[in-house]
Ligand SMILES: NC(=O)c1ccc[n+]([C@@H]2O[C@H](COP(=O)([O-])OP(=O)(O)OC[C@H]3O[C@@H](n4cnc5c(N)ncnc54)[C@H](OP(=O)(O)O)[C@@H]3O)[C@@H](O)[C@H]2O)c1
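Numbering (our numbering), first residue to last: 1 to 291.
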């Protein structure tokens, strides 16, 4: 049974069609951020009746990715006549799910507060998740290597293990730097609470929504978006483990760079306007020595 005939899960023809456009269309779409300054999310979000509350928007736009992968990996192999997937396919699918259990579910629940997200940005992120997960899961389920012999010509076991090591390094670093941003708001929450207690517990705390400081821990000392860079490291490791010829894994990394690089470069301008050039100009946006 298919959720959407021919697409969920995709036939080989539709998978190839989607992958082709995914590799061309998304880089164009992401590049528009160099010329359009509006971005209805996070620091640059403004009030609008088309805004969705941050946490709700985040969960609903990110969850379709790993849910799609789980659905396709549970239905497509049987349709394509694949009896048993090699361990590499399962491990890579598992890594994708682990990442999104954090990114889509835990991350929004752990954030002390999240700015609202405009429905336009929500739609683009939703589209990203669905297209990306369809490409990766189709490759893992049927249209990439599905036997031990096929894997031996795609990626050696040492390369597979090394790639997973890089993935975990990126994942830990991404979590560590996300945590530093959360800590800024937790500290502010505690500060407000102390003030309130000193005043006899009267009055309401101002809240920490849109409370920003310059993060300092770890790689934040040198750059403003180490959490983005760490995420690129993560998906670079995934691509390495899938073999350099894995077009969906390569497209995932390339599309993340097209989406996040302009955001980090524009983010540096935002930091300079907010905190002054003197405090920010010595920090890189995201790639030390380049941006
Ligand atoms: N954005 C993307 O296109 C994208 C794509 C793939 C993966 N990701 C990953 O998703 C995670 C979140 O991405 P994002 O674009 O939302 O990152 P972000 O703009 O750095 O914001 C992350 C969270 O930290 C808060 N925050 C940001 N800067 C802060 C500061 N200076 N002081 C205090 N709090 C601060 C934000 O609050 P507000 O919401 O109030 O601004 C938000 O809740 C990252 O780990 C990233 O690698 C993002």
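In this text, a Cβ means the ideal position worked out from N, Cα and C, and glycines have one as well.
- request: Please determine, among 174, 177, 208, 33, the residue with the shortest C-alpha to C-alpha distance to residue 186.
  value: Of the listed residues, the one whose Cα sits closest to residue 186 is 208.
CA-to-CA distance, residue 163 to residue 90, given in whole angstroms: For residue 90 and residue 163, the distance between alpha carbons rounds to 15 Å.
Report task. Taking residue 227 as part of the alpha helix (DSSP H), name the residues at either end of that continuous run. Result -> For residue 227, the uninterrupted alpha helix (DSSP H) run begins and ends at 226-242, by DSSP.
Just to confirm, is the Cβ distance from residue 248 to residue 132 under 9 Å?
Yes, the pair counts as a contact, with Cβ atoms nearer than the cut-off.
Which residues mark the beginning and the end of the alpha helix (DSSP H) in which residue 210 is found?
Careful: residue 210 lies outside any alpha helix (DSSP H) and carries neither H nor E.
Between residue 58 and chain B, is the shortest Cβ-Cβ distance under 9 Å, so that the two count as touching?
Among the chains in the structure shown there is no chain B, since it carries only a single protein chain.
Next on the checklist: Between residue 238 and ligand 3, is there a pair consisting of the residue's CB and a ligand heavy atom that are separated by less than 8 Å?
Outcome noted: As for ligand 3, it is missing from this structure, which binds only ligand 1.
Exercise. How about residue 228 and residue 263: are their beta carbons less than 9 Å apart?
Worked result: Contact check for residue 228 against residue 263 passes: the beta carbons are separated by less than 9 Å.
Reduced DSSP secondary structure (H/G/I, E/B, other) of residue 4:
In the structure shown, residue 4 sits in a strand (DSSP, three-state: E or B).
Discussion item. Here's the rule: buried if 16 or more other CB atoms are within 10 angstroms of the residue's CB, otherwise exposed. What is residue 106?
Written reply: Classification for residue 106: exposed.
(request) Classify residue 223 as helix, strand or coil using the three-state DSSP reduction. (result) Here residue 223 carries a strand assignment [DSSP, helix/strand/coil].
*Rounded to a whole number of angstroms, what is the C-alpha to C-alpha distance between residue 99 and residue 64?*
Answer to the nearest angstrom: the Cα atoms are 13 Å apart.
* Asked: ligand 1 heavy atoms versus the CB of residue 184: any closer than 8 Å?
  -> The answer is yes for residue 184.
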